[in-house]
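Working notes for the structure below.
Shown next as structure tokens:
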């Protein structure tokens, strides 16, 4: 089995990065092949535009989605996108590993979604959506860290909603839309304010989560 971890934290010593490494260790120990696409390390450009294409189509009006479709048909995506797309197509499991910022993904990861899950490549064109999406039969989940403690994430908490509610748009509007079976998310709360002992317990909990999800 091949696993792709799309990792979006700039500090390799962060707890978020430790979670990415834990996933790699777990799957490697099972004999699986793991690739961590470290977006900050790669200097991944999150902004979509004409630079995404080796050539532009002859359409009279430039439209990003149309150019994505034409690039898929002509194998004309830029080299950085082709590399990420190849990893994605080959992977049986996709993990988005990131710190929760403003109830969403860091811009670098959102940009990866915008550019890599391109129209014509991940959906549209010859591919359907939802249960008939390109990545049907494959699994995906989110692994997130937060700055706020767990008690903030409830109906009566400071944030007024759970992490699952916050992540719903990503799970349904991105992963499920392109066909993935979306597994429950794993969240590590308040990681900048907890003890080393608690961090070690969270890593153990993550390993248990992985063992149950991928027996």
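Numbering (the working numbering), first residue to last: 1 to 215. Where is the CB? At the ideal position from N, CA and C, for every residue including glycine.
Quick check on DSSP: helix, strand or coil for residue i?
i	result
residue 135	coil
residue 64	helix
residue 38	strand
residue 2	strand
residue 204	helix
residue 53	strand
residue 59	coil
Between the beta-carbon of residue i and the beta-carbon of residue j, is there less than 8 Å?
i	j	result
residue 68	residue 118	yes
residue 167	residue 183	no
residue 131	residue 8	no
residue 39	residue 94	no
residue 2	residue 92	yes
residue 112	residue 34	no
residue 41	residue 50	no
residue 206	residue 24	no
residue 15	residue 163	no
residue 71	residue 53	yes
residue 100	residue 158	no
Shortest alpha-carbon distance to residue i belongs to which of the options?
i	options	result
residue 17	32, 37 and 33	37
residue 123	192, 174 and 40	174
residue 188	1, 19, 44 and 43	19
residue 165	199, 129, 27 and 103	103
residue 170	54, 109 and 21	109
residue 121	84, 98, 200 and 99	84
residue 139	210, 10 and 202	210
residue 186	196, 212, 195 and 193	212
residue 11	32, 29 and 43	43
residue 98	30, 60 and 147	147
State yes or no: is the C-beta of residue i nearer than 7 Å to some heavy atom of the ligand ATP?
i	result
residue 69	By its list of ligands, the structure shown contains no ligand whatsoever, and the ligand ATP lies outside what it can speak to.
Just checking, does the segment 148–163 make contact with the segment 57–76 on the three C-beta pairs under 8 Å criterion? The segment 148–163 and the segment 57–76 do not touch, with fewer than 3 CB-CB distances between them shorter than 8 Å.
Inter-stretch contact (C-beta, 8 Å, three-pair minimum) for the segment 173–182 and the segment 124–136: Here the segment 173–182 makes contact with the segment 124–136; the two share three or more CB pairs at distances below 8 Å.
Would you check if there are 3 or more beta carbon pairs closer than 8 Å linking the segment 80–89 to the segment 111–128? Contact annotation: the segment 80–89 touches the segment 111–128, with at least three C-beta pairs closer than 8 Å.
Restricting to runs no shorter than 3 residues, where is the beta strand (DSSP E) found entirely within the segment 64–148? Fully enclosed beta strand (DSSP E) runs of no fewer than 3 residues occupy 93–99 and 139–145 of the segment 64–148, in order along the chain.
4 or more residues per run - each alpha helix (DSSP H) lying fully within the segment 151–208: For the segment 151–208, whole alpha helix (DSSP H) runs of length 4 or above, ordered along the chain, are 163–170.
Can you check the segment 2–32 for any alpha helix (DSSP H) of at least 4 residues that lies completely inside it and give the ranges in chain order? Whole alpha helix (DSSP H) segments, 4+ residues: 15–29.
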